[in-house]
Amino acid sequence: MHLQFDGQGPLHAQLTRALKSAVFAGRVGCGARLPPTRLLARELGLSRNTVLAAYEQLRAEGFVAARVGAGSYVSVPLQARPPSLAGDEADPVELPPQSDFADRARRFHDQARLADEGNGGLRYAFQYGVPLTNPVLTSAWARELAKAALYTPPSYPMSQGLPALRKAVCDYLTRRRGVQAAPEDVLIVAGTQQALSLTARILLNEGDTAVIEDPQYYAIRTVLRVHGAHLCGVPVDGEGLVCEALPARGARLVCVTPSHQFPTGALLSLSRRMALLDYAQRTGSWIFEDDYDGEFRYDARPLAALRSLDRHDRVIYVGTFSKVMFPALRLGYLVMPAGLRRDFVAAKWLDDFGSPAIEQAAMANFIADGGFERHLRRTARELKRRRDALLAGLRRYGGDRLQIADSRAGMHLAVWLRGRGRADAEALIARARRRGLGLYSISPRYLDPPDRAGLLMGYGGLSVAEIEQAVALLGCCLDELFPVQGPLQG
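UniProt numbering puts the first residue of the sequence shown at 1, with every later residue one more than the last.
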């Protein structure tokens, strides 16, 4: 039994208090048998008389009941427990934030949770981020994990990541994304979220300006705000980030999704890519390139990453296995500018010592033997089928009432209700929810949402048949709220 002595007073009194603390902390429950006095004395290096005195004191106070021939058992009256341990009736006391960071984390995390709407109890949900279920991948990954567990050393892995995985990432990026990198440039991280958090800690002091796309993935702005950044939202149009709107005085960090802007789906044009790189060079800014699903394009080969055009080493390139495999796999990678390598590796070590070694080894082998790219090809084919089913259904049931921002990539669509405002979108979402259909507004992705009805429709988590049934339900809701013959606003 682990007991903490406080060093105050006689040993029997210290033991009495230590046993009470164990009961209050729940380490020794009501009805539990205490160790025999001889055994406890031997374990603690005390005399048996000291233990007997402590037990007698506990019996006198009603904490322990003695049973003849059976030993001593904990018997704590309910009123003797501290209020915080008295059961479900008492809510735990929540302390105020203990630092500025904790205060920001609470506030902005709560806002992010509001934007992350769930799909509990719904028959169908067009929720972004729900993974495509793939039994073939599940079986293949189980085999890779089992093999990796046999040969992976049980010691701490390198903080930067296993060399085999960093080399596999370099080979993959050269083939698929046009990025030239050496293993020493790569840092293995726990997904995009950790990559951005490390970047913010390394580059940003409180009050520094960070540019984000508007609209954007809300977790990006949450992380930057928690780290004390001053956010500057720059609008997005059909060619991606509007570079002319970048702050003239420069920004410490510019966060972009150039290969598939989230959530609009826009592709950053070549001229704007070059303009953004020139801006970073002139102003001393760093670019955080989030290539969250650049592998999935349905009209052509995947586009080269922004990092492949970078001649001045200003781009921090981030990719994730969590998005293209499944979210439960908290594994991604970051290509570091040479001048920031030591900072990133040190920050990663301070954060968690390094990502799990067995998963890294499994992923390295999965890439090296071609399994990963076979998975990507299968997934792209299936996502295209689902995307085509969604597009066909929206055109059939929505008609001219809907404007579809078809990016021919990724796992989601942005869909707008022509001539309708945000209130109309909320009415449609509420009506659909009553029918068991989950729809999700695009408005929370904006810093300053326009008065325009937009939906973010993720299709990765629904089969083709489910998509067809779900879109038919959407059509019924549209007919009830916005019949075709009805006048459109605006």
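Every residue gets a Cβ at the ideal spot worked out from N, C-alpha and C, and that includes glycine.
The model shown is predicted, which means the values in this text are computed figures rather than measured ones.
In the DSSP output, what is F288 paired with across the bridge?
Stepping through the sequence shown from its first residue, residue 288 is reached at position 288. Per DSSP, C255 and I316.
Let me know if S441 comes out buried or exposed under the rule of 16 or more other beta-carbons within 10 Å of its beta-carbon.
As a working mapping, residue 441 is identified with position 441 in the sequence shown. Of the other Cβ atoms in all chains shown, 16 or more fall within 10 Å of the Cβ of S441; this residue is therefore buried.
Pick helix, strand or coil for V457, following the three-state DSSP scheme.
Reading the sequence shown from its first residue, position 457 is the one you call residue 457. Reading off the sequence shown, one finds Met at residue 457, where the question assumed Val. M457 falls in the strand class under three-state DSSP.
Whole-number beta carbon distance between V256 and L268, since they are thought to touch under 8 Å:
Your numbering for residue 268 matches position 268 in the sequence shown. Your numbering for residue 256 matches position 256 in the sequence shown. The Cβ separation is near 7 Å, so the contact holds.
Assigned secondary structure, A304 (DSSP; H/G/I helix, E/B strand, else coil)
One-based indexing of the sequence shown puts residue 304 at position 304. In this structure, A304 counts as coil in the three-state DSSP scheme.
Could you tell me the distance, in whole angstroms, from the CA atom of R225 to the CA atom of L196?
If you number the sequence shown from 1, residue 225 lands on position 225. If you number the sequence shown from 1, residue 196 lands on position 196. Between the C-alpha atoms of R225 and L196 there is a straight-line separation of about 12 Å.
From V250 to V211, what distance separates their C-alpha atoms?
What you label residue 250 is simply residue 250 of the sequence shown in a count that begins at 1. What you label residue 211 is simply residue 211 of the sequence shown in a count that begins at 1. Before going on, a small fix: residue 250 reads as Gly here, not Val. For the pair G250 and V211, the Cα-to-Cα distance works out to about 9 Å.
Does DSSP put Y333 in a helix, a strand or coil?
Here the question's residue 333 lines up with position 333 in the sequence shown. Here Y333 sits in strand by DSSP.
Between A427 and the rest of its own chain, which residues show a CB-CB distance below 8 Å, the 5 nearest in sequence each way excluded?
Along the sequence shown, one-based indexing puts residue 427 at 427. If you ignore the 5 residues before and after A427, its C-beta comes within less than 8 Å of the C-beta of L481, all in its own chain and listed in chain order.
In the DSSP assignment, the alpha helix (DSSP H) including G393 goes from what residue to what residue?
Here the question's residue 393 lines up with position 393 in the sequence shown. Boundaries of the alpha helix (DSSP H) around G393: G371 to G398.
Here's the rule I'm using: 16 or more other beta-carbon atoms within 10 Å means buried, otherwise exposed. How should P258 be labelled?
Residue numbering aside, residue 258 sits at position 258 when the sequence shown is read from its first letter. It counts as buried.
Going by beta carbon distance, what residues of the same chain come within less than 7 Å of S47, once the five residues before and after it are set aside?
The sequence position of residue 47 within the sequence shown is 47, counting from 1. If we look at S47 and ignore the five residues flanking it on each side, its Cβ neighbours are A41.
If you pair each beta-carbon of the region 180-188 with each one of the region 157-170, do three or more pairs fall below 8 Å?
Short answer: they touch.
Where G436 and G421 are concerned, what is the direct C-alpha to C-alpha distance, given to the nearest angstrom?
Counting from 1 along the sequence shown, the entry for residue 436 is found at position 436. Counting from 1 along the sequence shown, the entry for residue 421 is found at position 421. If you take the alpha carbons of G436 and G421, they lie about 23 Å apart.
A364 (DSSP reduced to helix, strand or coil):
The count along the sequence shown starts at 1 and reaches residue 364 at position 364. Note: A364 maps to helix in three-state DSSP.
Spell out the partners DSSP gives T209 in its beta bridges.
Along the sequence shown, one-based indexing puts residue 209 at 209. Answer is H230, bridged to T209.
If you reduce the DSSP assignment to three classes, tell me which class I467 lands in.
Start at 1 with the first residue of the sequence shown, and residue 467 comes out as number 467. In the structure shown, I467 sits in a helix (DSSP, three-state: H, G or I).
Which residue's Cα is closest to the Cα of G238: L246, V254, R272 and R252?
As a working note, residue 238 is residue 238 in the sequence shown. When only C-alpha atoms are compared, the closest one is R272.
Please report the distance separating the alpha-carbon of A328 from that of Q57.
If you number the sequence shown from 1, residue 328 lands on position 328. If you number the sequence shown from 1, residue 57 lands on position 57. Pairing A328 with Q57, the inter-Cα distance amounts to about 51 Å.
Which of the three DSSP states is assigned to D214 in this structure?
For the purposes of this step, residue 214 is identified with residue 214 of the sequence shown, where counting begins at 1. The DSSP-derived three-state label of D214 is strand.
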